[in-house]
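Undergrad: A single structure is presented below for examination.
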Amino acid sequence: MLDVIIAGGGIAGLSAALILGRCRRQVILCDTGRPRNMASQALHGFLSRDGIPPLELRQIAYEQLKNYPSVTCRMTEVVDAEEAADGYEVRLEDGDTLQARYLLLATGIVDALPPVPGIENFYGRSVFHCPYCDGWENSDKALAVYGGGSAGCDFALELLGWSSDVVLCSDGEASLDRNQQEKLQRNGVKVVNGKIARLAGTDGRLERIEFHDGTAIPRQALFFSPDQGQASPLAEKLGCSIAGGVVKTAKFQQVHSRLFVAGDAARSVQLAIVAAAEGAEAAFAINTALLKEGLL
Ligand SMILES: Cc1cc2nc3c(=O)[nH]c(=O)nc-3n(C[C@H](O)[C@H](O)[C@H](O)COP(=O)(O)OP(=O)(O)OC[C@H]3O[C@@H](n4cnc5c(N)ncnc54)[C@H](O)[C@@H]3O)c2cc1C
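What follows is the structure, given as structure tokens:
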């Protein structure tokens with residue numbers, strides 16, 4: 257029986273595997289190679305790795321895990337998991353079944369892009385969801401926020417921290433009350449409620465937003481707040497409580513006594529360095545529990 261199975265080899269899972277490997281735990285990490293930030297060109301705000309291509313960071317992490325012989329990485333999906341005596345049993349896409357005393361889900365989340373034709377061609381280059389990740393590179397540029405209602409209003413006001421030129425594009429009815437309209441106006445945010453026809457630009461670089469009424473506004477970047485869901489059905493299948501797309505966890509990312517969830521799958525502060533920290537926290541807690549279980 258393994259000590260730990262880690263489902264998901266993104267930053268959270270890799271970080272957990274590193275700590276557990278250093279604790280000489282028998283670990284299998286399974287990954288399907290589809291991290292959430294696949295569309296991104298550069299990972300920002302990760303201490304000592306600011307601006308690194310995300311795939312390069314992953315490659316370094318996988319390479320360094322080779323120093324720890326008790327950790328095995330497999331490119332396969334965990335397709336099912338269930339509680340078993342003293343642990344979990346998981347079924348892999350490649351047909352194998354594994355048992356471990358602890359299961360760590362680090363399977364990440366998926367973001368829904370707004371229904372704007374062609375937006376995927378710009379995502380990660382000039383269309384972003386997170387100003388903490390990509391705001392600095394767009395400082396003082398002509399920015400747009402996609403959205404309406406209080407969420408759109410708040411996001412547009414938040415972006416003023418990076419540029420004073422922010423337009424809120426509601427893509428239809430803006431659903432703003434008088435207070436919100438006045439606050440946006442006071443702070444210099446214009447609201448455009450025309451239906452968006454398409455984003456125009458070259459090589460993923462946004463140049464303007466075109467509307468169905470034939471008008472267009474020049475913009476260099478667009479930010480949106482995505483609806484999110486779990487990338488894998490495993491958490492739901494295992495009875496985790498999910499709110500706003502993410503799993504609710506207790507201290508050290510614990511969900512049940514032998515089940516942990518770390519990284520974006522369990523967090524609303526969805527930064528890579530936070531995912532890494534959560535993976536390490538879960539690993540710390542799992543190793544502590546294993547140590548106690550091993551004592552006579
Ligand atoms: C476009 C974009 C840009 C971003 N830029 C930044 C940035 O600049 N700075 C920053 O700090 N953060 C950034 N982020 C956020 C960052 O990507 C996440 O915080 C981070 O990837 C979370 O790591 P994770 O390990 O939780 O999930 P992920 O990185 O998504 O990894 C989850 C892994 O689990 C695998 N998986 C899923 N289900 C299964 C299964 N059933 N079995 C096996 N494997 C499975 C997936 O293939 C994936 O490899 C960005 C996100 C996006 C979308």
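With the numbering used here, letter number 68 in the sequence shown gets 324, and the count goes up by one each step, no holes. For each residue, glycine too, the CB sits at the ideal point set by N, CA and C. Note that this is a predicted model, so its numbers are computed, not measured.
1. I want to check one thing, is the minimum distance from the CB of SER296 to the heavy atoms of ligand 1 below 8 Å?
2. Taking only the alpha-carbon atoms, compute the straight-line gap between GLY374 and CYS386 and give it to the nearest angstrom.
3. Taking the alpha helix (DSSP H) that VAL530 belongs to, which residues open and close that run?
4. Sort LEU515, PRO291 and TRP418 by Cα distance to GLU393 and report the nearest one.
5. Tell me whether GLU338 is buried or exposed, calling it buried when 16 or more other Cβ atoms sit within 10 Å of its Cβ.
6. Is the beta carbon of ALA477 less than 9 Å from the beta carbon of ALA398?
7. Would you kindly report the start and end of the unbroken beta strand (DSSP E) that includes LYS564?
8. What number of angstroms, rounded off, separates the C-alpha of SER304 from the C-alpha of ALA518?
9. Looking only at C-alpha atoms, which of SER326, ASN293 and PRO310 sits nearest to ARG278?
10. At what residues does the beta strand (DSSP E) containing ARG357 begin and finish?
11. With 16 other CB atoms within 10 Å as the buried threshold, where does ARG461 fall?
12. So which of ASP459, ASP520, ARG314 and LEU440 has the shortest CA-CA distance to GLY380?
13. Which one of ASP390, LEU424 and VAL383 has the shortest CA to CA distance from GLY403?
14. My understanding is that LYS451 touches GLY428, with C-beta atoms under 8 Å, so please give their C-beta distance in whole angstroms.
15. Let me make sure I understand the geometry here. Which of VAL335, HIS300, GLU319 and VAL346 has the alpha-carbon closest to that of ILE261?
16. For ALA536, which residues in the same chain have their Cβ closer than 6 Å to its Cβ, ignoring the five residues on either side in sequence?
TA: According to the structure data:
1. yes
2. Approximately 20 Å, taken between the alpha carbons.
3. 528–550
4. TRP418
5. exposed
6. yes
7. This structure cannot speak to residue 564, because the chain is shown only from 257 to 552.
8. 22 Å
9. SER326
10. 353–361
11. exposed
12. ASP459
13. LEU424
14. 6 Å
15. VAL346
16. SER271 and ILE275
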